[in-house]
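One structure is given here, and the rest of the page talks about it.
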Amino acid sequence: MTRVNASPLAIRVTALVTTLLLGALIVAGPTLAQDGAEAEGTNDLIRAALVGLGYYLSNSPWLFGNGGFFGLYRPLVAGFFVGVIFGDPVKGAEIGASINLLYIGFISAGGSIPADPSVAGWVGTALAMASNLDAATAITLGVAIGLLGTIIFFTRMSVDAVFAHWADARAEEGDISGVARANWLWPQIFLFVISFFPAAIAVYAGSNAVGDGIQWLSNNAPWVLRGFQIAGGLLPAIGIALNMRFIFRGSAIPFYFVGYVFAMLIGGRFFPGVTAPAIGTIVVTTAIVGAAAAWIFVSVSGSRSSEREA
Amino acid sequence: MTLKLVRVDDRLIHGQVVAIWLKALNAKRIVIVDEATARDEFVSEVIILAAPPGVAVEIHDLASGTERVRQLVTDPEPAFVLMRSPVTALRLREAGVEFSLLNVGGIGAGPTRKPLYRNISASVEELEAMRRLESLGTTVELRIVENDRPVAFKSVDK
Amino acid sequence: METMTPETRPAKKLERGDVQRAFWLWTFFSHANYNYERLQGTAFAQAMTPIIRKLYDSPDEIKAALKRHLVFFNTEPNVGGVIHGAVIAMEEQRANGADIDDDAINSVKAGLMGPLAGVGDSISQGTITPILLSIGIGIAAAGQPLGAILYLVLEVGIMLALAYFMWMQGYDRGREGVTTMLRSGLLDRVLTGAGVLGNMVMGALTFQFVTIYLTLSWNIDVGGGQTKLFDVNQDLLGAIMPGILPLAFTLFTWWLLARRRVSPLWLLVAYVIFAMLAAYPFFGPAGDFNYCQSLLNPFFQPGAGCPPPPAS
């Protein structure tokens, strides 16, 4: 009986890809750390390429599947890595976090997505960092990009059906590895092409465009920039409200207010003269208290009531 | 019009799709009309156990389903009707249940089905059923979730 | 339940390792070829390849098995893994002669994928992810990139653990395991608790990120020739409740989206336009009305007031 190897090729390629990625990062690191004018041009190219690669990976299977869709796909994580690429992970994570506010309620349902948070995170953060925007202004930019990105998703969903037919043909021959390859290899090559290049080009060419645009605005209509910053304070309400659509109901409603007041009391922003604890701890603290409240609530009230009929 | 949504989706209640529709159209009851499901105790139980909170779910075969849907048309409580195939929808319509819009949200590809539009495939029988519904005055539209743009069946039927 | 026919060939047994290999293939490649026609169909087939290699020898059986598992399939990939586990168990029984036909296997897949997508999505996309994201965002936006790493590690770790647990439950307990789990009521309790926790976290996020300060203030006469700076934020709204404006604004936004069903896209555009208008320096120098040039100001500190008009 021949030794059973379960799709060994797929596993080997995964290992290869991971090694290549690490290698790319190791090589890119010193190159990016170079100073000097000639280095700048190459640096921009390398950075754009890395962002494109990151965007591809966010939709790819290589990071344990979940590391893509629940990981790099999210602007919070994307922003951090873009920050690393641009040499300022703090700023990158801040910008990514702000853009992610709009997508907290993002849900992919039934093969349809309302916007593309990944492109907003990767390309949006990259453009924001290249033009030195602050986190609040970056939100509007990220959102605009996120709306455009759905076209890549729709393309992939349509074209991948071709590979399903290839799989059928391989199945007719009883070719087990062939069926596997029709699932993981060919579609990923296609996905790489339609993800990497648009994203990398958008970052490389777009940085200048965005930078020039911002420059023009600050010379001619500085209030527009102010407007973006104000928008950065208003748009999070949309992201939060979009998530609330699913959970702000029934007996959970009062807890929204409890959370707000609690955060306000420990945050101190509205009380002049009060020294507040670090802002970054507010949500975590509220979450811990919230978990305790949830436990108590469920123990006391039992499970949710829902009508069931046969 | 208390029949808020008459929908064909071969995965019935799945993911957030139905949750989004329920929220959008404010319905509290889902009536599933499907012979195979009604006969399978296990699947029926799973569907009911896994249903979204606050929504009553009923599973009927074609005969009792037709009766129930007829009742619902005059009942003030807003409800959805859910089926796996446009053929069932046609049977309902032929039995006299009037609805002006049929939403087709998803039909998976299979051995007898050819791709129609995005995630909707249809067999010859199903295409015929949709055409017949159109001729009886029911508009057939293709749309997965409420915030997608609806696509008229007529425009993709070649 | 299923009767075993008399053995005429050696028993086919799956090792735990085979089931695990299938798990990893699914975990990695569930969406590698996501397409409108089959959704996760081809990935289901790839996940079954180690099982097929182990259980079936003849080309006919292999062909039939591959085709059987290339059909349309879609579910939440982590929680839905219970289906794959159950199907693997059924294939193992079938390969050993049990009377399980294609219909039986298909009906388990077709019947369960929908409901488990619903349950799975409400757990993974609806509960775990938004809560962890909120925590990560709260930390990272304040200047600590650790927030992003923390989110990544916790989220992926939890998803993988959940996925593995469900997969093995499916294999060990079969389809009855699914109903047992659903009947236990644990799901209901988890989702209720998640609603409470989620709302509190949303409240905290609202506080940290929704920034809206009105720059309306003017001098009022308090008698004795003195004037006091009356600042709308501090003295009017703040007298009702400090921080009431962001709360009210977010609830208003929720109402527009949830009750009035305004499209999020339109709302985005409307808010950006509103922000632009609110930034425009409408208020030039004026008499009693202190000016801060525009309606809203992102950096305005409560209690600081607006600078008084320049002495003319």
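Protein chains in written order, with our numbering: chain A, 604 to 913; chain B, 6 to 163; chain C, 3 to 314.
A virtual CB, placed ideally from N, CA and C, is assigned to each residue, including glycine.
The structure displayed is predicted, hence computed values, not measured ones.
Among the residues of the stretch 38-56 of chain B, those with a Cβ less than 7 Å away from any Cβ of chain C are 45, 47, 48, 50, 51, 52, 54, 55, in the order of the chain. DSSP places residue 30(B) inside the alpha helix (DSSP H), whose first and last residues are 22-30. If you check each beta-carbon in the stretch 709-740 of chain A against every beta-carbon of chain B, the ones closer than 8 Å belong to 710, 712, 713, 714, 715, 717.
If you draw a straight line from the Cα of residue 850(A) to the Cα of residue 194(C), it is about 9 Å long. A Cβ of chain A is located within less than 8 Å of the beta carbon of residue 124(B).
The stretch 741-750 of chain A makes contact with the stretch 830-850 of chain A, as at least three CB pairs between them are under 8 Å. Interface flag for residue 76(B) against chain C is unset, since no Cβ pair is found closer than 8 Å.
For residue 889(A), a Cβ of chain C is located within less than 8 Å of the residue's own Cβ. An exposed status is given to residue 254(C), since fewer than 16 other beta-carbon atoms sit within 10 Å of its beta-carbon. Ranked by Cα distance from residue 196(C), the options 764(A), 719(A), 855(A) are led by 855(A).
Just so you know, the alpha carbons of residue 902(A) and residue 182(C) end up roughly 21 Å apart. For residue 148(B) and residue 109(B), the gap between their C-alpha atoms comes out near 6 Å. Residue 206(C) and residue 123(C) have their C-alpha atoms spaced approximately 24 Å apart. In this structure, the beta-carbon distance from residue 218(C) to residue 234(C) falls below 8 Å. Residue contact with chain B for residue 113(C): present (Cβ-Cβ distance below 8 Å to some residue of chain B). Proximity of residue 65(B) to chain A, defined by a Cβ-Cβ separation below 8 Å, is not satisfied. Listed in chain order, the non-local C-beta contacts of residue 763(A) below 7 Å within the same chain comprise 790, local neighbours out to five positions each way being set aside.
Scanning the stretch 11-93 of chain B for uninterrupted alpha helix (DSSP H) segments of 4 residues or longer gives 22-30, 40-44, 46-54, 67-79, listed from N- to C-terminal end. Of the residues assessed, residue 648(A) falls on the exposed side of the cut-off, its CB having fewer than 16 other CB atoms within 10 angstroms. Residues of chain B whose Cβ lies closer than 8 Å to the Cβ of residue 652(A) do not exist; the shortest such Cβ separation is about 32 Å. In summary, residue 271(C) is exposed, with fewer than 16 beta-carbon neighbours lying within 10 Å of its beta-carbon over all protein chains present.
The DSSP-derived three-state label of residue 59(C) is coil. In its chain, beyond the 5 residues on either side, 49, 52, 53 have a beta carbon closer than 6 Å to the beta carbon of residue 24(C). Relative to the Cα of residue 9(B), the nearest Cα in the group 103(B), 67(B), 72(B), 111(B) belongs to 103(B). In the three-state reduction of the DSSP assignment, residue 251(C) falls in the helix class, which pools H, G and I. Neighbours of residue 104(C) across chain A, judged by C-beta separation under 9 Å, do not exist; the nearest C-beta is about 14 Å away.
If you check each beta-carbon in the stretch 669-697 of chain A against every beta-carbon of chain B, none falls closer than 9 Å. For residue 145(B), the uninterrupted beta strand (DSSP E) run begins and ends at 144-147, by DSSP. By the neighbour-count criterion, in which 16 or more other beta carbons inside 10 Å mark a residue as buried, residue 853(A) falls on the exposed side. Residue 178(C) and residue 904(A) have their C-alpha atoms spaced approximately 29 Å apart.
A direct Cα-Cα distance of roughly 14 Å separates residue 129(B) from residue 113(B). With contact defined as three or more Cβ pairs closer than 8 Å, the stretch 45-61 of chain B and the stretch 139-147 of chain B are not in contact. For residue 106(B), the uninterrupted beta strand (DSSP E) segment begins and ends at 106-111. By the rule that beta-carbons nearer than 8 Å mark a contact, residue 108(B) does not touch chain C. Just so you know, the alpha carbons of residue 222(C) and residue 247(C) end up roughly 23 Å apart. Measuring C-alpha to C-alpha distances from residue 13(C) to each of 212(C), 93(C), 239(C), 89(C) identifies 93(C) as the nearest.
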